[in-house]
Structure formats: structure tokens, C-alpha cells
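What follows is one structure encoded as C-alpha cells, with my remarks underneath.
Residue numbers (this note's numbering): 86 to 690.
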């Protein structure tokens, strides 16, 4: 479906003829939900909600909000806010499923507290407390509006009329009206200065989704929906022609997940006339986690993504059902009805409404996947053996969404263990999203298995890009060759840096060959190929052992041409994960020729 073809008049017409808006069961129909979920999960939820009834509401003082301004840290406010949200989510779901009124008072107490928050936007996005007449519409504000709209829908007239009126008025003031009347939201459309990203899907889904519940004026609702559809058209253009996202699997779950949330609500609100999922491109996008899985439980962690992302069970279940993609239910995700650590209500609600089928099959990918526009190659030695060697390598450029300076980065997995890592996202802070981002090892090329040239790391910018020289997939061998000289500053003196990475299925146990061939413009230069690992490293005469027999690899090199050293960075902070130790293994060319190469052979121990 071409989203830009929709206009206000057309949307108004389909709203006129739409049936009643019933996106989720209510009343007597809730028994169907309880039956699918099971009484044990419902009893666990009710017990948690019972504890929440008498628990204090976490405080959100201005001092906590302004902490980000003072020291750049955002966890204090966000963690307390998340506790408040999850209390409300548990209580709302409990009252929806129980229907006896015993949780209503507690729901209202926390709902009023959320309405009274000075800012719905996170401190990292608003930076300071908003003026009442100009609220910041960010991820958190948009999610809050939809949270409150779905709460209102599920509990309906069991809530007091005064609360229901305030839910509508505050959501309108803080999200819907600014979305409709202002054009200063950077995430609304792509411009020459900035491309949209996951924010667009999350913010549009939050605002337009809330409007589907709260806005009764069909003329106004048609304007809101149309504006959202045109914005989402820009979001879809951020994907590779095969449905890949340079933001990585984690932000697929977040951004595209919210796109799917809105798709469901719009289809329900328009009687199926507006169906965002009725699009071959969207089906390709939906397959992204299927194509980027390295082995069971591990994914390509390029960009600000992690190797073990959390794909919401309700999202996978809904997409599998709507788009006939049963493999989405085989990614190893399990129903988890514990409501904790959520930033938005859409996912615990949909976990209960759309649980995954009870399967125990774990899909580990096919032999090979290739995203040509992004230049991502994922190669699996033997898809039937989850412990076999796996490789992911990327080209791309250094101005991607959630960019890291990682042109040429590679990941190696053996026996289900990440041996050579792309470390994913660092701890989110003011510095991490500011001018000093690339001083952080997680975002800079120092944290990736890419060369250092004449002492220079890669530079940021869209022009700092790889060009694909060749790519092939066969039964015996997968190969990607890129020229990545442009990723380095001119001071590095490169005229060519060609990286060839191959997975050989004929070698016993498999073998990965990495060849970096380089040429300098003016005489010789210093060149280092680098591998990054979270595991222990032992240097031998002509090889390097990384890890142990339980998933480790041996890296062979020519000691006549290469000297090997290591440097370890301890306690590197990550977001939503424990700190890690990263060791950089540096393979330094002994000579300083005008042209040369470093070749490494990587095989299981």
C-alpha cells in the first residue's frame, strides 16, 4: 500500500463507513484471553498487582529529572519512571482480566500521578522541564499517550469520569495537538540535513494510536491519520530494498514493532481499509530477525544493537499470523507474562492478547543471507548444526542510523558463543549522543574488528563508506569483498584498502579467511589489522588462541610479516547489560611498504 496516496478526504471516507472500534476484547470476551494465557499466568499477574495496590508510587522529583543536565546520566529518572509505569501496567492488566473492581482505585492513583508529571518526555530529549504551552513530543511522550489511551479503552466506565476526561485532555495537549499543529518535530520527515529513524515509527504510532482511541471528531482524526501515514512513508524508505535496517535487530523490534502496533490499530479503526501490513516491502522487513540470526539466540549486533535482542512475543505472533511467516514463532522467544522493565504498555498488553504458540523449535537461519544496499553478509557453515561456525560482516557507511564507525566490521560465532564481537551499544548518556560519541570505544572503530592505518581510526560521515567489489554465495564458500579506504581520513594516506572475508565450508570444521590488502599514496605506512574479542587471548608463535575449546578459535598469521600485540579495555559500560572487557588483538605489518597485505585464517579450536 502506497502511504502517500492517502489524503484527508479519502481517510475521512473510510472512517465514515468503519465499524465499531474494538481492537481488544472487553467484558465477557476477556475470558478468551484468560484461556489462551492460562490460569497460572493470570494468577501470577494478580498476585503481583495485589502487592502493587499498597506499594508507594515511585517519586519523580525535578531534581531527578534535571540530573541529566548536571552529569549526563539518565538512568535515575528513567528507572524510577519505569517502575511507576510497570506498576500501572500490572494493575491495568489485572483489572482487565479480573474485572471485579479491586484494582481500580490503585490504577486511578497511578494514572493521576502520570497525568501530573511535568514532562512526559525523557530528560535526554527535552533536556529541561517543558513550558506548558510547548511540550516536547519524544519517544516517551508518544508512548505515554498511547499507554493512557489503551488503559482507558480496557477499563472504560470502571474509571471515574473525571479521570477519563483528563486522560483525553492531557494526551491531546501533550501529544496529539503538537503533532497536528507543529512542524518542528525532527522525526516527522526526512530532510537533507537528517534522515528519520525508529523515532518516526514510535512517535507516530503513539500519537496516531492514541488518536484512534480518543479523537471522536472524524474530520480531525482524518487529518491526524493522514499526517501520520505520510510520515511513515519516510520511515519505510530507511530500509534496505530487501527489508534490512542499518539500525540493527534491536531497533527493528522497537521501531518496526511500533509500526506494527499502529498497523493493527488503524486496521481496526478503518475496518481494514488502511492496512499498513498489506505491502510486500513490509513483509520483507518483517523477516529481518529471521535473516540476521547468527545461531539460536544470537543476532548480528551491528550499530546500537546487541547480540541477544528481545523480540516481543506478541509482535512475532501477530506478524506470523498476519503475514504467514511461521518462522517468526521459531526464533527461540518464549511467552513471558511477567510485567517488568517495560517502557510502554503496548507490549505487555499484546503479550497477553497475542501469545506465541507453544513451540520448542529454534530457527538458526539458512546458509546465507545478503542485504545488498547495506552490504551485510551473514554466512552459516551448517544451518542444521547450531554450534557450527557463523560469520557476519558489513560494509555500509559511517553516517547510518544509530551510527558507529564500523565499516568492514565482522562478527564470528562458534559453538553458540560470540568469539569476535561487534560490541553493540554503549551506555546511553549525554556524551554518547553528543559531539564526543566517537571517543567511546563502543561507537568508534577502536571497538570493531577493522584496521588502524597510520595511527588513524575511521572517520564519521556518509562519505566514509565502503564500496562492494564483489559478493558471492555457493555451497562451498561465501565471500564479500569491499574497498573501505574511503572510511579513513585523508591523513591516513590510503589509495586502497580492500577487505575480503570468506567462509570456507570445505575445510574441516569450517574456516574464515580475512585478507586486508592496502596501498598508500606516498611511500610506505603503518598498518594494523585488528580483531576485537570479549574472551581471553593467548599469543603463540604463529597463531592466536581466542577463548577455549568451548567455542574458541585459532587465528593463524605469518610471523615473518606480522607482529601481534593486545590491548584490553576493562569494564566497558553497555546499555541494559553488564559491563564487558574488550581485548583488541593487533596484527601489525612488520614492514612499511607502499603496498601490502595482512592475511588471517580463523578456525575453531
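Backbone N, C-alpha and C fix where the C-beta goes; we use that ideal spot for every residue, glycine too. A quick note: this is a predicted structure, and the numbers were derived from the prediction, not measured.
In this structure, residue 400 sits away from residue 366, with a CB-CB distance that is not shorter than 8 angstroms. Excluding residues up to 5 positions away in sequence, 273, 274, 285, 289 lie with their Cβ nearer than 7 angstroms to the Cβ of residue 316 in the same chain.
Uninterrupted beta strand (DSSP E) stretches at least 3 residues long and entirely within the region 453-490 occur at 453-456, 461-465, 475-479, given in chain order. Counting every other CB atom within 10 Å of its CB across the protein chains shown gives residue 629 a total of 16 or more, marking it as buried. The criterion of a C-beta distance shorter than 8 angstroms is not satisfied by residue 479 and residue 452. With a contact defined as Cβ atoms closer than 8 angstroms, residue 596 and residue 560 miss out at about 15 angstroms. Here residue 664 has 656, 657, 658 as same chain residues with Cβ atoms under 7 angstroms from its own Cβ, once five neighbours each way along the sequence are excluded. The alpha-carbon separation between residue 609 and residue 277 amounts to approximately 39 angstroms. The DSSP-derived three-state label of residue 194 is helix. Listed as beta-bridge partners of residue 566 by DSSP are 555, 585. In the structure shown, residue 167 adopts helical secondary structure according to DSSP, grouped into three states.
The residue from 487, 551, 567, 553 with its alpha-carbon nearest to that of residue 529 is 487.
With fewer than 16 other Cβ atoms inside 10 Å of its own Cβ, residue 426 counts as exposed.
In the DSSP assignment, residue 492 falls outside any alpha helix (DSSP H) and carries neither an H nor an E.
For residue 468 and residue 638, the gap between their C-alpha atoms comes out near 19 angstroms. In the displayed model, residue 283 falls within a helix according to three-state DSSP.
Shown here for residue 231: same chain residues with a beta carbon closer than 6 angstroms to its own, the five before and five after excluded, namely 291, 294, 295 in chain order. By the beta-carbon neighbour count (other beta carbons within 10 angstroms, threshold 16), residue 213 is exposed. Residue 272 carries a coil assignment under DSSP once its states are collapsed to helix, strand and coil. A distance below 8 angstroms separates the beta carbons of residue 344 and residue 361.
Assigned with DSSP and collapsed to three states, residue 384 falls in strand. Between the C-alpha atoms of residue 223 and residue 287 there is a straight-line separation of about 9 angstroms.
When DSSP states are grouped into helix, strand and coil, residue 533 belongs to the coil group. At a Cβ-Cβ threshold of 8 angstroms, residue 624 and residue 604 do not count as neighbours. Of all alpha-carbon atoms in 517, 510, 407, 384, the one lying nearest the alpha-carbon of residue 503 is that of 384. The residues 362, in chain order, have a CB closer than 7 angstroms to that of residue 407 in the same chain once the five nearest residues on each side in sequence are set aside.
Residue range 612-618 is occupied by the beta strand (DSSP E) that includes residue 614, with no alpha helix (DSSP H) assigned at that position. Within the DSSP secondary-structure output, residue 672 pairs in a beta bridge with 614, 649.
Distance from the CA of residue 324 to the CA of residue 364, rounded to the nearest whole angstrom, comes to 14 angstroms. If you look at residue 367, you'll find it in the alpha helix (DSSP H) that goes 365-371.
Residue 562 has its alpha-carbon roughly 25 angstroms from the corresponding atom of residue 412. For residue 404 against residue 410, the beta-carbon gap comes to about 6 angstroms, under 8 angstroms, which counts as contact.
In the three-state reduction of the DSSP assignment, residue 258 falls in the helix class. One thing to note: residue 258 has its Cβ no nearer than 8 angstroms to the Cβ of residue 188. Assigned with DSSP and collapsed to three states, residue 689 falls in strand.
With a beta-carbon spacing of about 19 angstroms, residue 234 and residue 339 fall beyond the 8 angstroms limit used to define contacts.
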